[in-house]
Ligand code: ADP
Ligand code: MG
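Here it is, written out as C-alpha cells:
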C-alpha cells in the first residue's frame with residue numbers, strides 16, 4: 004500500500020497483559036450477544052442445578068432486568084465468589100472435554116455477565132443456615148452478605164451492557180429482543196419437559212405472563228409430546244408422526260409433522276443433541292432430505308428431534324455459545340435422520356392432516372361453534388324445516404352439483420379398510436367413501452398421481468420399468484437447448500421407460516412411454532421433463548434427480564379430474580392407497596384425502 008496507515012507509529016508497540024475485567028468483557032462479547040443469550044446461559048445453569056421449576060422475569064426486553072430464579076441445588080456461600088471468577092466450574096475437571104453431560108462446562112457465563120452488567124447472585128444450599136448474596140458491578144465485587152431465600156438460586160442481571168454501551172446500539176426493538184428471549188426459553192423448555200418454566204414480562208412494575216409450561220407427567224414420550232403441544236401448538240401434536248430409530252449407538256426420537264402440515268419457512272425445526280438445543284445445517288439438511296419426496300421445495304416440515312448418543316461421539320466444544328456441535332461421523336447421523344423420517348412417512352403415509360379436516364369443518368360451520376342455534380330437539384331431524392338447512396349447506400352445495408353414479412349402499416364397510424367403501428363420485432373428481440366411524444373425501448387426481456409415482460419408483464428401483472411403444476413415434480418440437488438437454492440424458496430416460504431419439508434441429512422423436520402412465524400426451528411430458536432438467540441446472544447426470552423426473556412424469560399419467568370412475572375403480576384406488584407409502588399426500592405435499600369423523604359431522608349439525 005502506498006499510503007502509510009495511521010496504525011503504524013514511530014515507536015515500537017508495547018505488549019501488555021490485559022486485566023481480568025478487560026478479559027471478561029472480551030469473553031462476554033462472544034458469549035453474550037444480546038439479552039436472550041444471557042437468559043440462555045442463566046436458564047441453562049438452573050437446569051444444570053437440577054431445578055424443577057424455573058422462573059424468568061425480564062423488564063424492557065431484558066435490557067434493564069433479567070432475573071432467573073430456580074429451586075435447584077444452589078451454591079454454597081463460600082463458593083459464590085468462585086462462581087463469578089473466570090474458568091471456574093463445578094461441571095468438569097477439564098480432563099475430558101468429550102465427556103460433558105451438562106449445558107455448561109466453560110465457567111464463562113457468570114463472570115462475563117458480571118463484566119458487562121450489575122449482577123447479584125443469591126443462593127442457598129440445602130441445610131445451610133442462611134442464604135448468601137453477592138453483588139458485582141462491571142467486574143467489581145461487593146462483600147458477601149446474608150440474604151432471605153428459602154432454597155435454590157436467584158441470579159439478577161440489571162442494566163446489561165452498561166459497561167459496554169456500544170453493544171446497546173446493536174439491540175433491536177424491544178419486540179424483537181423479547182421474541183428472541185421467548186424463543187430461547189421455549190427451546191430449553193422442549194429440552195427439559197419435566198421442569199416447569201414461567202416467563203414473565205415485569206416492565207413498568209407489572210407482571211405479564213409471556214409463556215408458561217408446566218412439568219409433564221407420565222411416560223417420557225408422553226411428557227415430551229405434552230410439552231411440544233404447549234410450545235409448538237396442539238395442532239402440531241395432532242399432526243405429528245412419532246420418530247424412533249437407532250443405528251450404531253445413536254438414537255433418534257421425537258416428532259415430525261405429516262407432510263400436509265408444513266410451514267413456509269424452516270422456523271419450527273428444533274433439534275437437540277444429547278438434550279442440548281442446536282442449530283446445525285447438517286441436521287436441518289437431513290430433515291429436508293427425509294421429506295424430499297413428499298413436500299414442495301418451498302414448504303418446510305415442523306419437527307422436534309432428539310439425537311442421543313454416547314458423549315464421545317459428539318464434540319460440543321466448538322462454539323462459545325455451544326449452539327453448534329460436531330459429530331464424529333456426520334454421515335451416520337444424516338443417514339439416520341433421512342431414513343427415520345422416510346420410514347415414518349411410509350408407516351403413516353396414508354394418514355392425512357387432521358387439521359385440514361378441521362379447516363373444512365370451520366369453513367362449513369355457519370355459526371361459531373357453541374352458538375348452537377341450529378340445535379333441533381332429538382328425533383325431529385327428518386322433518387327439518389327448509390330454512391334450517393340453508394346456512395350450513397351453502398359451503399357444501401353449489402347450485403349445479405354433478406353427482407356420479409351412486410353405489411349400492413350394501414357395499415361392505417370393513418374396519419380393516421381405513422379409507423372405507425366408495426359411495427359416490429362427485430364433481431367428477433371427489434370420491435366419497437364411508438368408513439365405520441365417518442367419511443372420507445378423496446381427491447382422485449392427487450391420489451392417483453401419488454400412486455403412479457410410487458409405482459414408477461418401484462419399477463425403477465427393480466430396474467423393471469415397463470414401457471409401451473407408440474404406434475407412430477411422436478415428434479416434439481423444442482427450443483434447441485431443451486432438446487439437447489433431453490437427448491443428453493436419453494439413456495437415463497430410457498431406464499425410466501421414456502425412449503426418445505434425435506429428430507434433427509430442436510425436435511425429438513418419442514418412441515416409447517412408461518406403461519403405467521397409460522395414454523399420455525408425449526409432447527407435454529417431454530416439455531415438462533425439459534423444464535425439470537433446466538430447474539435442476541446444467542448437470543447431465545440424472546442420478547439422484549430421478550425422483551424429481553419421476554414425479555413430473557406421474558403428473559401426466561394421473562386420472563385427470565373430470566374422469567368418471569366406476570365403483571370397482573374407485574374401491575381399487577382406495578385399497579391401493581391404503582398399502583402405498585406416503586399416499587396421504589400428493590407429490591407436492593397437498594393432502595390426497597380428508598377424513599371427517601362421524602363425531603365431527605355431528606358437531607357440524609349441533610348434535611354432539
Ligand atoms: P458453567 O455453567 O460453564 O460451569 P457458569 O459461569 O455459568 O459456568 O457458572 C459457574 C458455576 O456457578 C457453575 O459451574 C455452577 O457450579 C455455579 N452455578 C451457576 N448458576 C447456578 C445455579 N443457578 N444453581 C447452582 N449453581 C450455579
Ligand atoms: Mg453456565
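Residue numbers (my numbering): 4 to 611. Even glycine gets a Cβ: it sits at the ideal position worked out from N, Cα and C. Keep in mind that this is a model prediction, so the values were computed, not measured.
| Item | Value |
| --- | --- |
| Host beta strand (DSSP E) of residue 273 (start-end) | 272-276 |
| The stretch 170-184 touching the stretch 37-44, judged by at least three CB pairs closer than 8 Å | yes |
| heavy atom of ligand 2 below 7 Å from residue 133 C-beta | no |
| C-beta contact flag for residue 450 and residue 595 at 8 Å | yes |
| Other residues of its chain near residue 260: CB distance less than 6 Å, five sequence neighbours each side excluded | 242, 243, 304 and 305 |
| Spatial neighbours of residue 126 in its chain, beta-carbon cut-off 6 Å, leaving aside the 5 residues before and after | 77, 78 and 156 |
| Inter-residue CB distance, residue 28 and residue 166 (contact presumed, cutoff 8 Å) | 7 Å |
| DSSP bridge partner residues for residue 480 (one or two, in chain order) | 510 |
| Beta-carbon spacing of residue 34, residue 115 below 8 Å | yes |
| Pocket of ligand 2 defined by Cβ to heavy atom distance under 5 Å | 48, 107 and 112 |
| Contact set for residue 387: own chain, Cβ-Cβ below 6 Å, skip 5 residues either direction | Residue placement at residue 387 cannot be trusted, given a pLDDT of 31 that sits under 50; the coordinates are not used to answer. |
| Secondary structure of residue 182, DSSP reduced to three states | helix |
| Segment limits, beta strand (DSSP E) that includes residue 203 | 199-204 |
| Cβ pair residue 520, residue 559 closer than 8 Å | yes |
| Segment contact, 8 Å Cβ cut-off, at least three pairs: the stretch 128-139 with the stretch 187-200 | no |
| Host beta strand (DSSP E) of residue 106 (start-end) | Neither: residue 106 is in no beta strand (DSSP E) and is coded neither H nor E. |
| Contact check, residue 48 vs residue 112, beta carbons under 8 Å | yes |
| Residue 55 CB to nearest heavy atom of ligand 1 below 7 Å | no |
| Cβ contact (3+ pairs, closer than 8 Å) linking the stretch 329-344 and the stretch 244-254 | yes |
| Three-state secondary structure (DSSP) of residue 610 | coil |
| Residue 580 classed as buried or exposed, judged by whether at least 16 other C-beta atoms fall within 10 angstroms | buried |
| 8 Å Cβ cutoff met for residue 95 and residue 201 | no |
| Assigned exposure category for residue 448 - 16 Cβ within 10 Å defines buried | buried |
| Distance CB(residue 61)-CB(residue 69) smaller than 8 Å | yes |
| C-alpha distance - residue 276 paired with residue 482, whole-angstrom precision | 50 Å |
| Residue 467 burial status per 10 Å Cβ neighbour count (16 or more: buried) | exposed |
| Buried versus exposed, by CB contacts within 10 Å (16 or more), residue 585 | buried |
| Closest by C-alpha distance to residue 232, when choosing among 208, 212 and 257 | 257 |
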